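For reference, the structure is listed below as structure tokens.
2 protein chains.
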Amino acid sequence: MEYPSKLIEEAVNEVAKLPGIGKKTALRLVLHLIKEQESRTQSLAEALTNLRSNIMFCKICNNISDEEECSICRSHRRDKTLLCVVEDTQDVMAIENTSQFTGIYHVLGGVISPMNGIGPSDLKIDSLVARVSANDNQIKEIILALSPTMEGDTTSFYINRKLATLPIKITSIARGVPMGGDLEYADEITLGRSIIGRTLFS
Amino acid sequence: MEYPSKLIEEAVNEVAKLPGIGKKTALRLVLHLIKEQESRTQSLAEALTNLRSNIMFCKICNNISDEEECSICRSHRRDKTLLCVVEDTQDVMAIENTSQFTGIYHVLGGVISPMNGIGPSDLKIDSLVARVSANDNQIKEIILALSPTMEGDTTSFYINRKLATLPIKITSIARGVPMGGDLEYADEITLGRSIIGRTLFS
Chain A
2 MEYPSKLIEE AVNEVAKLPG IGKKTALRLV LHLIKEQESR TQSLAEALTN
52 LRSNIMFCKI CNNISDEEEC SICRSHRRDK TLLCVVEDTQ DVMAIENTSQ
102 FTGIYHVLGG VISPMNGIGP SDLKIDSLVA RVSANDNQIK EIILALSPTM
152 EGDTTSFYIN RKLATLPIKI TSIARGVPMG GDLEYADEIT LGRSIIGRTL
202 FS
Chain B
2 MEYPSKLIEE AVNEVAKLPG IGKKTALRLV LHLIKEQESR TQSLAEALTN
52 LRSNIMFCKI CNNISDEEEC SICRSHRRDK TLLCVVEDTQ DVMAIENTSQ
102 FTGIYHVLGG VISPMNGIGP SDLKIDSLVA RVSANDNQIK EIILALSPTM
152 EGDTTSFYIN RKLATLPIKI TSIARGVPMG GDLEYADEIT LGRSIIGRTL
202 FS
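Line by line, the protein sequences give chains A and B.
Heads up, this note's numbering is the position in the first sequence plus 1, with the first residue counted as 1.
Heads up, this note's numbering is the position in the second sequence plus 1, with the first residue counted as 1.
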């Protein structure tokens with residue numbers, strides 16, 4: 002496509018590098034910014050540069066944070082005996098939204114995925130092992146809350162093996178039919194696992 | 002939603018102000034930027050601020066431009082007797098992509114839309130009339146290429162009335178069944194107009 006201006010072209014190319022945004026959408030966004038006041042674009046650009054240069058990762062759990070230790074790790078109201086291992090920050094936010102978890106987290110920063118060239122050393126697994134081994138924080142249970150995919154399962158197995166010698170209970174989040182889902186539309190693997198993993202009807 | 006960091010929250014709020022981007026997509030984009038190198042975010046922010054502070058509008062046709070006069074108005078190879086009136090820059094790009102038009106443009110910057118509080122004075126209609134009236138550039142035909150909507154038609158009628166006294170041919174782009182479209186799926190208004198506006202089969 003030919004653009005009426007080099008500036009537009011550069012901006013479109015930059016915006017189109019974002020995931021899920023193609024050239025057409027990028028052009029729409031860029032033309033929108035031109036129509037709006039200049040201060041809008043400035044505050045957008047500032048928010049992004051500010052974010053990127055000042056963001057930190059909690060030195061305990063590796064979650065995104067404004068300070069050296071994140072608000073969850075600093076909190077005295079969280080149950081420090083219960084540690085939930087997740088893939089990334091979005092998972093922490095999703096679990097926090099449920100209000101069902103009062104423990105602390107460990108953010109791996111991804112899952113083992115040989116296809117994408119991500120091995121155990123690229124993730125925060127060593128720091129997890131060190132954190133649990135030191136255990137001055139009295140972790141009693143580790144919940145593996147990784148995605149129910151091949152990569153997630155591989156990562157769970159790997160972590161389980163690494164921690165097997167420690168006197169700690171290792172659990173995994175329940176897998177089964179989603180709430181509100183219709184049984185006849187559940188895929189056979191999910192339904193099969195929901196039968197294997199059946200629980201007492203209390 | 003609760004964000005793990007104030008910086009994230011600010012960035013998400015700014016990004017979510019863009020059209021068609023909600024909080025969830027904004028969060029995904031922002032977390033993507035955090036994962037990438039810092040230079041990526043910087044070049045994105047720079048491209049946007051550069052664009053917004055340096056962009057100009059052609060003083061002749063009001064199209065987006067890097068200079069005072071856009072490349073189409075400056076070109077000696079364009080037919081200066083043929084003027085195409087369009088709503089915005091995207092329309093200029095769409096028509097340029099067809100390679101079927103060799104004339105020049107006039108970009109209105111919108112269409113008359115009382116519902117959105119846009120009247121004729123908010124658009125570049127006066128400058129169009131002045132441009133055509135002066136006519137030192139020998140415009141012989143004006144093509145109204147506005148969207149086939151209520152607002153587009155209103156704007157076309159308004160411009161037509163404003164220019165009626167001038168010795169200039171005013172035409173409108175053809176409306177009918179789109180190429181490759183199946184007749185049985187065309188709506189009745191489009192099909193009706195395609196019969197009224199039938200042309201000689203040459």
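Backbone N, C-alpha and C fix where the C-beta goes; we use that ideal spot for every residue, glycine too.
Remember, it's a predicted structure, so these values are computed and weren't measured experimentally.
Problem - Element boundaries [beta strand (DSSP E), containing H33/B] - result: Residue 33/B sits at position 32 when you count from the first residue of the second sequence. That residue, H33/B, is in no beta strand (DSSP E); its alpha helix (DSSP H) goes K24 to K36.
Practice task
At 4 residues or longer, and completely inside the stretch 118 to 188 of chain B: list those alpha helix (DSSP H) runs for me, N to C.
Solution key: 126 to 135 and 151 to 164
Exercise for the section: For M2/A, go through chain B and note every residue whose CB falls closer than 8 Å to its CB, in chain order. Expected result: On the first sequence, position 1 is the one that residue 2/A refers to. Within chain B, the residues near M2/A are M94 and N98.
Handout entry: Residue range of the unbroken beta strand (DSSP E) whose run includes V93/B
Key = Taking the first residue of the second sequence as 1, we reach residue 93/B at position 92. No beta strand (DSSP E) contains V93/B, which is instead part of the alpha helix (DSSP H) from T90 to T99.
Handout entry: Within-8 Å CB hit, T103/A to chain B
Key = Walking along the first sequence from the start, residue 103/A turns up at place 102. Chain B, which has no Cβ nearer than 8 Å to the Cβ of T103/A, makes this no.
Practice task
Closer than 9 Å, Cβ to Cβ, to anything on chain B: give me those residues from the stretch 15 to 28 of chain A, in chain order.
Solution key: Against chain B - using a Cβ distance shorter than 9 Å - the residues of the stretch 15 to 28 of chain A are E15, V16, K18, L19, P20, G21, I22, T26 and L28.
Exercise for the section: Return the Cβ separation of R53/B and E39/A in integer angstroms, given the expectation that the two are a contact with Cβ distance under 8 Å. Expected result: Here residue 53/B refers to the residue found at position 52 of the second sequence. Here residue 39/A refers to the residue found at position 38 of the first sequence. Right, their Cβ atoms sit about 5 Å apart.
Problem - Exposure of L147/B, with buried meaning 16 or more beta-carbon neighbours within 10 Å - result: In the second sequence, counting from the first residue as 1, residue 147/B sits at position 146. By the neighbour-count rule (16 or more Cβ atoms within 10 Å), L147/B is buried.
Exercise for the section: Please decide whether S76/B counts as near chain A, where near means a Cβ-Cβ distance under 8 Å. Expected result: Within the second sequence, numbered from 1, the residue matching residue 76/B stands at position 75. Judged by the 8 Å Cβ criterion, S76/B is not in contact with chain A.
Problem - Residue from Q101/A, S76/A, G23/A and V87/A whose Cα sits closest to the Cα of L145/A - result: Counted from its first residue, the first sequence places residue 145/A at position 144. Ranking Q101/A, S76/A, G23/A and V87/A by Cα distance to L145/A puts V87/A first.
Handout entry: Reference I143/B, options Q91/B, T103/B, K36/B and E152/B, closest by Cα
Key = The residue given as residue 143/B occupies position 142 in the second sequence. I143/B has its Cα closest to that of T103/B, out of Q91/B, T103/B, K36/B and E152/B.
Practice task
Taking C-beta pairs closer than 8 Å, name the residues in chain B that L52/A reaches, listed in chain order.
Solution key: Here residue 52/A refers to the residue found at position 51 when the first sequence is read from its first residue. Chain B residues near L52/A: L8, I9, E11, A12, V31, L34, I35 and T42.
Practice task
Kindly confirm or deny that the stretch 185 to 201 of chain A and the stretch 150 to 158 of chain A touch, where touching means at least three C-beta pairs closer than 8 Å.
Solution key: In short, these stretches do not touch, since the Cβ pair count stays below three.
Practice task
Drop a sphere of 10 angstroms on the beta-carbon of L129/A, count the other beta-carbons inside from all chains shown, and report buried for 16 or more, exposed for fewer.
Solution key: Mapped onto the first sequence, residue 129/A falls at position 128. L129/A should be labelled buried.
Exercise for the section: For D67/A, return the contacting residues in chain B, with the cut-off set at a CB-CB distance below 7 Å. Expected result: Within the first sequence, the letter at position 66 stands for residue 67/A. Near D67/A (Cβ distances below 7 Å), the residues of chain B are S6, K7 and L8.
Problem - Meets three-Cβ-pair contact criterion under 8 Å: the stretch 50 to 70 of chain B and the stretch 105 to 113 of chain B - result: yes
Exercise for the section: Determine the contact status of T26/A and L49/B, defining contact as a CB-CB distance below 8 Å. Expected result: Locating residue 26/A in the first sequence gives position 25, where the first residue counts as 1. Locating residue 49/B in the second sequence gives position 48, where the first residue counts as 1. Remark: C-beta atoms of T26/A and L49/B do not approach each other more closely than 8 Å.
Practice task
Determine the direct distance from the alpha carbon of C85/B to that of I140/B, and round the result to whole angstroms.
Solution key: Sequence index remark: in the second sequence, residue 140/B carries index 139 (1-based). Sequence index remark: in the second sequence, residue 85/B carries index 84 (1-based). Across the structure, I140/B and C85/B are spaced so that their CA atoms are roughly 10 Å apart.
Problem - Span of the alpha helix (DSSP H) around T50/A - result: To locate residue 50/A, count along the first sequence from 1; it is residue 49. Taken as a continuous stretch (DSSP letters only), the alpha helix (DSSP H) holding T50/A covers E39 to N55.
Handout entry: Helix, strand or coil at C85/B according to DSSP, with G and I counted as helix
Key = Mapped onto the second sequence, residue 85/B falls at position 84. Here C85/B sits in strand by DSSP.
Problem - Beta-carbon proximity list for L201/A, same chain, < 7 Å, skipping 5 on both sides - result: Your numbering for residue 201/A matches position 200 in the first sequence. Correct list: empty, nothing qualifies.
Exercise for the section: Say whether chain B places a C-beta atom closer than 8 Å to the C-beta of L49/A. Expected result: Start at 1 with the first residue of the first sequence, and residue 49/A comes out as number 48. Judged by the 8 Å Cβ criterion, L49/A is in contact with chain B.
Exercise for the section: Pick out whichever of T150/A, F58/A and E3/A has its Cα sitting closest to the Cα of V93/B. Expected result: The residue labelled residue 93/B in the question sits at position 92 within the second sequence. Answer by Cα proximity: E3/A.
Problem - The alpha helix (DSSP H) enclosing I105/B, as first and last residue numbers - result: Sequence index remark: in the second sequence, residue 105/B carries index 104 (1-based). Run containing I105/B: none in the alpha helix (DSSP H); it sits in the beta strand (DSSP E), G104 to V108.
Handout entry: Expected contact under 8 Å - CB spacing of C74/A and I56/A to nearest Å
Key = Within the first sequence, numbered from 1, the residue matching residue 74/A stands at position 73. Within the first sequence, numbered from 1, the residue matching residue 56/A stands at position 55. Not a contact, Cβ separation roughly 16 Å.
Practice task
Pull up the distance between the alpha-carbon of I22/A and that of V133/A, whole angstroms please.
Solution key: As a first step, residue 22/A is located in the first sequence; it is residue number 21 there, counting from the start. As a first step, residue 133/A is located in the first sequence; it is residue number 132 there, counting from the start. If you take the alpha carbons of I22/A and V133/A, they lie about 40 Å apart.
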